Amino acid sequence: MALELIKGNIAVAEAAMRAGLVSYFGYPITPQTELLEHLSARMPELGRAFVQAESELGAINMVYGAACTGLRAMTSSSSPGISLMQEGLSYLAGTELPAVIVDVVRGGPGLGNIAPSQADYTQVVHGGGHGEYHLIVLAPASVQEAVDLTTMAFDIAEKYRMVVCLLLDGFIGQMMEPVELPEFKPVRTTPPAWAIGSPDSKGQVVLTSINIDPPTQERFNVKMMTRWQEVEKNEVRYKGYFLDDAEYVVIGYGTAGRISLSAVRAAREQGLKIGLVRPISLSPFPAKVVDELADRVKGFLVVEMSNGQMLDDIISIVARRVPVEFYGRMGGMVPYPDEISNAISALVNGKHDVNIDARAEWLAGLRELVGTGE
Amino acid sequence: MALELIKGNIAVAEAAMRAGLVSYFGYPITPQTELLEHLSARMPELGRAFVQAESELGAINMVYGAACTGLRAMTSSSSPGISLMQEGLSYLAGTELPAVIVDVVRGGPGLGNIAPSQADYTQVVHGGGHGEYHLIVLAPASVQEAVDLTTMAFDIAEKYRMVVCLLLDGFIGQMMEPVELPEFKPVRTTPPAWAIGSPDSKGQVVLTSINIDPPTQERFNVKMMTRWQEVEKNEVRYKGYFLDDAEYVVIGYGTAGRISLSAVRAAREQGLKIGLVRPISLSPFPAKVVDELADRVKGFLVVEMSNGQMLDDIISIVARRVPVEFYGRMGGMVPYPDEISNAISALVNGKHDVNIDARAEWLAGLRELVGTGE
Amino acid sequence: MTETDVKVVYKRPLGFTDRTTHYCPGCTHGVAHRLIAEVLEEMGELNNTIGVAPVGCAVFAYNYFNFDFVEAAHGRAPAMATGIKRTLPNKIVFTYQGDGDLASMGMGEIVAAAARGEHFTVIFINNTNYGMTGGQMAPTTLPGQKTSSSPLGRDVETQGYPIRTAELLATLDGAAFVARRSLHDARSIRNAKRAIRTAFEAQKQGLGFSMIELLSICPTNWGLKPAAARTWLAEHMLPYYPVGDFKVSTAVSEMKIGGN
Amino acid sequence: MTETDVKVVYKRPLGFTDRTTHYCPGCTHGVAHRLIAEVLEEMGELNNTIGVAPVGCAVFAYNYFNFDFVEAAHGRAPAMATGIKRTLPNKIVFTYQGDGDLASMGMGEIVAAAARGEHFTVIFINNTNYGMTGGQMAPTTLPGQKTSSSPLGRDVETQGYPIRTAELLATLDGAAFVARRSLHDARSIRNAKRAIRTAFEAQKQGLGFSMIELLSICPTNWGLKPAAARTWLAEHMLPYYPVGDFKVSTAVSEMKIGGN
Amino acid sequence: MPPKGWVEINELYCKACETCVTDCPTQTLALDMSRLTVKGYHPAHMLHPENCIACGTCAVVCPDAAITVFRGVRPGDEKGGEAA
Amino acid sequence: MPPKGWVEINELYCKACETCVTDCPTQTLALDMSRLTVKGYHPAHMLHPENCIACGTCAVVCPDAAITVFRGVRPGDEKGGEAA
Amino acid sequence: MQAEIIISGFGGQGTLYAGQVLAYAAMDEGKHVTWIPSYGPEMRGGTANCTVVVSDDEIGSPTALHPTAVIAMNLPSLDKYEPMIKPGGYLIVNEDMVNRTSTREDIHVLMVPASKIAMEIGNERAANMVLLGTLEGNMHLLPQGALERALEAHTAARLKKFISINIEALRRGAEYQAD
Amino acid sequence: MQAEIIISGFGGQGTLYAGQVLAYAAMDEGKHVTWIPSYGPEMRGGTANCTVVVSDDEIGSPTALHPTAVIAMNLPSLDKYEPMIKPGGYLIVNEDMVNRTSTREDIHVLMVPASKIAMEIGNERAANMVLLGTLEGNMHLLPQGALERALEAHTAARLKKFISINIEALRRGAEYQAD
Ligand SMILES: Cc1ncc(C[n+]2csc(CCOP(=O)(O)OP(=O)(O)O)c2C)c(N)n1
Ligand SMILES: Cc1ncc(C[n+]2csc(CCOP(=O)(O)OP(=O)(O)O)c2C)c(N)n1
Ligand code: SF4
Ligand code: SF4
Ligand code: SF4
Ligand code: SF4
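Chains as they are written, first to last, in this note's numbering: chain E, 157 to 530; chain A, 157 to 530; chain P, 310 to 569; chain L, 310 to 569; chain X, 13 to 96; chain S, 13 to 96; chain R, 81 to 259; chain V, 81 to 259.
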């Protein structure tokens with residue numbers, strides 16, 4: 157159980173290999189590239205498939221092909237690259253295929269920059285592609301958690317035959333932390349019965365997302381949504397901190413979640429009864445804990461490295477029972493604990509209006525702080 | 157003011173030309189193709205630019221280039237093609253460019269089919285691309301409205317330097333209705349001062365979405381969000397029917413909205429006090445009218461040709477004040493008025509639980525109706 | 310052979326299901342399908358093959374072949390085939406693609422796959438238009454040819470020139486065998502079959518990427534009866550798209566083809 | 310000329326801003342920039358030109374040129390340039406692209422633009438790797454060449470063969486002028502400039518698509534000093550990527566180049 | 013002399029494209045205008061079975077794999093002439 | 013005889029890549045190891061100005077357009093030799 | 081008043097066109113009207129149908145589960161749409177293309193030898209107009225002569241020569257009246 | 081206990097490595113620790129820095145607006161980070177690379193001739209270790225000898241030869257003590 161000091165990107169790559177990754181396809185993009193580079197050396201070493209694809213479109217469609225074999229396949233990228241994968245993700249979902257994708261989010265929109273961000277929440281959680289489908293989205297807040305979730309991601313993907321997205325940000329990808337890597341799992345190399353090339357399939361296997369007859373497509377969609385209800389039942393994950401006696405609760409995931417923890421600890425030291433919910437599965441979202449807290453706390457503060465994409469989900473769950481406030485930084489900016497502490501103070505000392513437009517209030521403040529460049 | 161009987165796709169094409177479209181770039185995809193085909197004949201006739209692009213990626217990036225000139229540019233596609241445009245849309249937004257895109261939605265996910273659907277709501281309304289940005293989304297419910305909104309789309313796009321998406325579905329695209337086409341507007345062919353190639357610019361014009369320095373990117377995002385607040389103030393559009401005395405309100409847009417109107421009329425004939433809100437701008441969303449109604453009606457029924465993507469927004473606005481129920485068909489299925497009438501009866505005669513999980517209830521019913529194919 | 314001996318000279322290939330195709334009467338998609346099935350049958354690879362269907366008229370190809378099949382996103386079949394072949398290197402993998410699919414939407418993917426020398430085979434149907442969506446201009450549409458998106462005939466000044474895909478891919482070192490054949494008459498079809506056989510053999514023997522471009526007719530969208538369409542192909546397509554072998558790697562040229 | 314007459318033999322081009330570039334010392338991106346600026350200055354087109362920057366080390370090119378510029382999405386510069394040129398046909402439009410950008414991510418767009426004969430010019434920097442992201446393998450990486458994603462050297466069996474982009478694009482009828490030049494010494498640079506001039510002239514005279522591939526060094530990611538990198542280019546790249554004109558349309562060959 | 017062989021055309025598959033008819037080197041085949049298949053086509057049939065040389069050309073060009081070609085004498089047809 | 017010309021190297025741009033040094037056909041140039049530019053480089057300078065033939069090679073190869081090349085006699089330098 | 085009419089048959093029988101004539105006529109008479117085709121890969125398969133909704137009010141759904149009337153130009157269309165017609169509605173069948181009549185008692189069924197009539201008046205392709213004539217002759221959706229005026233007004237120049245035959249077809253069709 | 085340390089300088093001065101040695105040592109001593117580099121195009125520009133957070137508890141933010149200590153190996157780093165240091169914190173400067181000292185009175189400032197010392201002990205690239213030694217020698221974040229043990233345990237085989245010089249550098253650095 158030796159600890160090693162490893163960069164997030166490399167830790168995820170290594171964890172995926174140990175989870176039995178058979179095929180990896182990717183394209184360089186900062187701040188994800190070390191993941192690809194690591195696998196470019198390691199996968200061939202172990203006789204597994206590594207292809208540097210021609211593009212993210214190529215990569216996701218290679219994953220699409222590999223996933224049709226039912227064997228473990230993965231790609232990784234960062235925001236613009238994930239946008240290019242939206243068609244492919246919709247196809248993977250429409251074909252009920254398991255796969256893991258890693259998104260190490262950077263500042264946007266457009267080319268933006270390569271600093272950490274969480275502004276891909278909507279595109280991966282609510283679906284940036286066409287049609288009705290869901291991804292399972294897991295957001296680690298430390299390198300160790302990234303390792304653990306990577307291992308789990310492959311299992312969940314297979315269990316539900318769905319795509320699991322690991323949502324990191326530049327910090328988790330670039331940071332070194334002590335981690336314990338899991339043992340190597342045996343690698344499955346024979347396709348399961350539902351997959352192409354399987355020795356166990358009965359007759360021809362066809363994997364397709366076309367259902368030219370709408371009733372057939374609708375039945376498929378009903379089936380997938382029913383499966384999603386299972387996922388919602390079984391796969392919600394979050395970490396609660398100081399919730400028992402909390403009067404106010406901060407909600408943040410990933411890097412924003414761990415930074416919030418610093419602020420929450422500081423608040424506790426000052427005697428403030430602040431709790432923290434750090435969602436780990438963003439999809440399915442830990443709605444129940446937020447719903448229950450909304451009945452007993454005095455207010456929420458949502459913290460994100462975006463314009464408040466998870467915020468919309470929290471507002472919907474809380475349904476104006478108590479105020480929801482927001483603190484976010486955008487475009488690659490990462491909040492410091494002090495900023496969150498200030499936002500906590502504002503919440504605690506504020507006027508507690510449930511009809512407040514959290515985003516507008518926050519934007520007014522941020523505009524004052526940083527300007528609009530005009 | 158002669159009426160003409162025109163197919164939706166062709167009406168939009170013709171309206172765009174009359175609105176002064178300078179450059180069109182597109183790729184064939186059913187059920188949008190007539191739009192492209194019409195322009196392949198008409199644009200060259202009038203000496204304007206028409207290019208059948210190599211792909212939707214090509215098309216949106218040609219629009220990106222053309223939009224940098226500040227002159228009127230457009231593309232059109234359908235769901236999988238729109239997924240391929242997500243990166244480009246994020247870039248357009250990140251560069252503050254005006255453009256119009258038409259999405260004639262079809263059944264999904266994946267290759268799906270070519271029947272009418274509304275399952276692209278999330279990807280166009282909430283942003284299927286990376287980073288923080290908004291599109292303006294307009295959803296006509298008739299061919300005439302499609303014509304009118306097309307004209308308007310170019311003006312709004314220019315006013316805010318944003319992308320406007322016209323969200324149609326296969327029905328609106330394929331249907332013929334009597335329409336009055338607007339007159340030809342004069343065509344602007346000289347770039348405005350902010351654009352490349354402008355005779356009026358002072359010095360070098362650089363149009364880019366890169367902001368390698370996060371504070372600069374953040375300031376840009378703040379600016380864009382501030383502009384979005386303007387859009388929210390000025391550009392909300394919807395049509396209300398029978399709202400004055402309504403006890404229950406149906407909400408549906410586009411084809412689902414007009415079909416709902418049949419059902420609402422039928423209900424009125426039976427003496428039921430049912431109203432209808434038909435959102436025309438889906439982004440910015442007509443949240444205020446729904447919010448106000450939530451204070452005085454007994455319940456809502458949301459109708460969509462999807463798994464309830466707008467539904468999430470309504471649930472958030474209504475905030476459990478009154479029940480929100482849902483009726484949707486998926487995968488290219490279009491509800492008939494009778495089905496909606498039944499859903500209205502269920503709402504009126506139901507048990508009025510504000511904590512009801514509208515989607516789960518609906519899914520259970522639909523599962524019974526159509527099965528899961530298993 | 311005595312007078313009463315009966316020999317089956319030709320029968321429906323074993324690799325076909327018993328479904329009727331949705332192709333238009335006379336459409337050479339059916340011929341291409343048949344040749345693939347015949348070759349795989351002769352090679353004894355029917356049970357070891359995975360097909361990748363395109364988006365285009367052949368989108369339902371898997372209904373007509375009886376081995377495993379997947380359906381790619383428009384243009385991405387080469388990427389999908391890469392994913393499959395890299396994961397299951399012992400399978401025979403092929404993509405079946407139209408000219409819109411391969412030479413427009415999927416040009417990036419096909420060039421990359423050929424350059425990487427991926428060990429799969431591409432059957433490329435060049436029918437000078439987008440059949441499935443109703444006959445729009447394709448990258449292969451001939452100069453002056455009328456289509457539903459070049460209603461006055463392809464104007465090379467504004468709509469560009471046709472792409473000779475086989476010649477283009479032949480510039481790539483990763484391509485082991487790249488050839489063009491036609492399906493407009495029996496002799497050409499027999500030639501096409503031989504080329505397809507060579508391509509699949511090259512794959513089986515691990516010699517790299519192979520592609521056969523097949524000149525095809527689309528009577529429906531060309532607005533011609535099948536016979537007239539075949540004549541049009543011979544008269545207009547053959548001069549622009551000469552049949553021939555554009556890339557034969559040394560290993561392929563020295564390859565022994567087993568069996569019949 | 311008397312003894313005291315002074316003539317400026319060379320000065321910083323007018324098309325440059327006074328900013329220092331962010332390129333690594335010795336990087337030939339700077340040379341390519343300079344040649345473009347010189348040619349546009351000589352043609353009197355500085356005020357009539359729009360540049361399209363790529364995603365890659367040249368992402369900030371617009372900081373160094375003083376005319377209008379846009380910044381494309383990775384690989385899509387040819388599509389963006391198409392949109393610009395079709396909308397403003399009287400402007401001189403060029404894209405500036407790296408090998409990852411043009412020959413990997415954007416292969417679909419460049420082939421389509423060339424096939425359509427789009428009237429813009431492409432300056433293509435072939436430095437055998439992805440400079441900006443830290444030196445990963447590019448489609449142009451030579452067999453055996455070590456990069457950060459081919460750590461044991463490019464293995465052609467699994468990682469494929471380099472793409473000769475100029476030769477590939479030369480197969481397209483829409484391409485009017487396609488040439489390769491090198492930037493590793495003064496003579497080559499002078500040759501490169503002449504080719505760039507021809508390309509822009511072809512555009513100006515409406516003769517179709519033009520592309521100049523420029524062999525370049527990336528000392529940083531190659532791990533070589535600039536001088537050693539230039540030698541490496543000459544010794545390793547030139548044999549694989551011969552300089553030359555790969556496509557000269559009749560119109561281009563008959564073209565008169567005005568001015569000096 | 014009896015013909016060298018014969019063909020059978022599966023009407024499930026035949027779409028009356030006439031390709032076999034055109035390409036048969038011995039003018040053996042024609043569409044049967046007197047009958048319609050379930051799909052609504054006039055199927056190809058042997059109009060001049062006596063001409064058939066079992067060359068297989070029709071089968072090679074048939075886009076619908078509708079044709080089986082036999083070499084030899086059709087059972088019950090030893091004397092040549094049109095089949096029942 | 014005075015040299016045929018001279019060069020001026022703008023230290024704002026020079027990154028000490030030595031390309032001009034290597035390629036100068038008359039060994040005129042060298043990095044000036046005694047000085048650092050604001051960017052931290054030892055800039056190129058004319059170590060042997062007397063050699064300069066104003067051929068422009070250094071400017072042609074300079075990736076940073078740092079060099080201006082003059083033909084003729086540098087004002088105040090009529091007698092040849094190194095400039096101040 | 082609102083009527084939903086489905087016109088269905090093989091591709092090439094002019095079902096879409098018949099629907100358009102009805103739609104043009106309705107438009108010219110100031111009605112609200114929608115015309116929507118089936119679209120999709122079945123195009124290639126052979127069937128083609130369209131739905132026309134004519135109404136005095138803004139039209140909700142452009143399709144109908146229970147149409148007011150159906151024109152069936154072949155057997156598959158008869159089989160498919162017969163059960164869906166609203167009680168009291170109309171079923172108009174090209175008798176020459178089917179081998180059975182309808183068993184429904186709660187609707188008006190009109191079996192019209194439309195192909196024969198069309199042949200008689202000189203163009204077998206006018207069967208669609210015969211049936212449209214029957215429809216209008218029974219349902220009177222529009223003022224007298226509206227369909228004929230629509231034909232005059234909206235026929236493309238190069239097709240003008242067919243107008244008189246089509247008008248004749250409408251008239252002959254109108255002679256068939258439900259009992 | 082939690083300490084946030086920024087180590088900043090030109091690329092090539094070994095700032096990232098110094099941070100890693102500290103991080104390894106902290107890890108081996110059972111502390112929570114994070115190491116995060118600046119990444120981005122500035123890589124190419126020349127500055128390189130990393131932040132190491134060492135803590136007894138789970139670490140929240142891996143960066144800090146007000147670090148406990150800064151090692152500045154050049155002037156831009158001194159300029160940038162000096163004002164940010166938490167009152168009572170440490171500023172450790174490679175005196176040989178800057179032309180000024182600090183004016184802050186509320187922090188401990190240590191000017192160390194690290195380059196000179198590194199030269200003295202035989203490898204000018206060990207300046208980073210000298211400064212790290214000064215840091216640990218003053219702050220005592222870890223048990224005695226932890227850095228040295230980390231060097232022994234985590235140096236790659238081909239670099240083992242540098243261990244002794246680096247240990248010497250740590251010791252020499254530790255001799256500099258804040259008053
Ligand atoms: C992303 C995307 N864009 C467009 C389409 C629509 N589409 C379906 S088939 C097709 C063209 C196919 O033409 P081709 O590849 O030439 O094959 P053919 O039908 O002629 O055999 C297109 C454009 C799609 N399904 N997906
Ligand atoms: C969609 C997308 N994928 C990946 C990237 C990351 N990226 C930035 S530059 C670059 C490579 C550029 O290499 P090249 O085109 O060879 O130019 P060079 O830097 O060598 O000049 C990549 C992959 C991106 N910005 N966008
Ligand atoms: S549309 Fe053309 S390519 Fe498609 S099946 Fe018909 S004939 Fe063949
Ligand atoms: S990384 Fe390479 S290509 Fe980029 S600026 Fe440096 S030397 Fe030039
Ligand atoms: S070629 Fe085949 S499908 Fe065509 S007519 Fe002959 S048997 Fe029928
Ligand atoms: S070539 Fe230019 S940048 Fe390089 S050393 Fe000479 S003057 Fe400086």
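Cβ atoms here follow ideal geometry from the backbone N, Cα and C, with glycine treated the same way.
Nothing here was measured: the structure is a model prediction, and the numbers come from that model.
For residue i, verify whether its CB is less than 6 Å away from any heavy atom of ligand 6.
i	result
Ile526 (chain L)	no
Closer than 9 Å by beta-carbon distance: list the chain P residues that pair up with residue i, in chain order.
i	result
Ala229 (chain E)	Gly392 and Thr396
Is any heavy atom in ligand 7 found nearer than 6 Å to the beta carbon of residue i?
i	result
Tyr332 (chain L)	Ligand 7 is absent from the structure shown, which contains only ligand 1, ligand 2, ligand 3, ligand 4, ligand 5 and ligand 6.
So, is the C-beta of residue i closer than 7 Å to a C-beta in chain A?
i	result
Met123 (chain R)	With a pLDDT of only 44 at Met123 (chain R), under 50, the local geometry of the prediction cannot be trusted, and the value read off the model is given with reservation. Met123 (chain R) does not count as touching chain A.
Gln445 (chain P)	yes
Ala382 (chain L)	yes
At the 7 Å Cβ level, is residue i part of the contact set with chain X, yes or no?
i	result
Ala504 (chain P)	no
Beta-carbon within less than 6 Å of residue i's beta-carbon, same chain only, minus the 5 sequence neighbours each way: which residues are those?
i	result
Ile419 (chain P)	Pro387 and Leu411
Ser234 (chain E)	Ile185, Gln188, Val260 and Arg262
Less than 7 Å between CB atoms is the rule here; does residue i satisfy it with respect to chain E?
i	result
Arg328 (chain P)	no
By the criterion of Cβ-Cβ separation under 8 Å, what are the contact partners of residue i in chain A?
i	result
Gly140 (chain R)	Arg414, Ile415, Ser416, Leu417, Ser418, Ala419, Arg421 and Pro493
Out of the options, state which residue places its alpha-carbon closest to the alpha-carbon of residue i.
i	options	result
His54 (chain X)	X:Gly17, X:Gly88, X:Ala28 and X:Asn22	X:Ala28
Let me see if you follow: with CB-CB separation under 7 Å, is residue i close to chain P or not?
i	result
Ser196 (chain A)	yes
Glu510 (chain L)	no
Keeping to the same chain, check which residues put their C-beta closer than 7 Å to that of residue i; ignore five residues upstream and five downstream.
i	result
Ile21 (chain X)	Pro55, Ala56, His57, Ala78 and Ile79
Is residue i near ligand 3, judged by its Cβ being under 6 Å from some heavy atom?
i	result
His342 (chain P)	no
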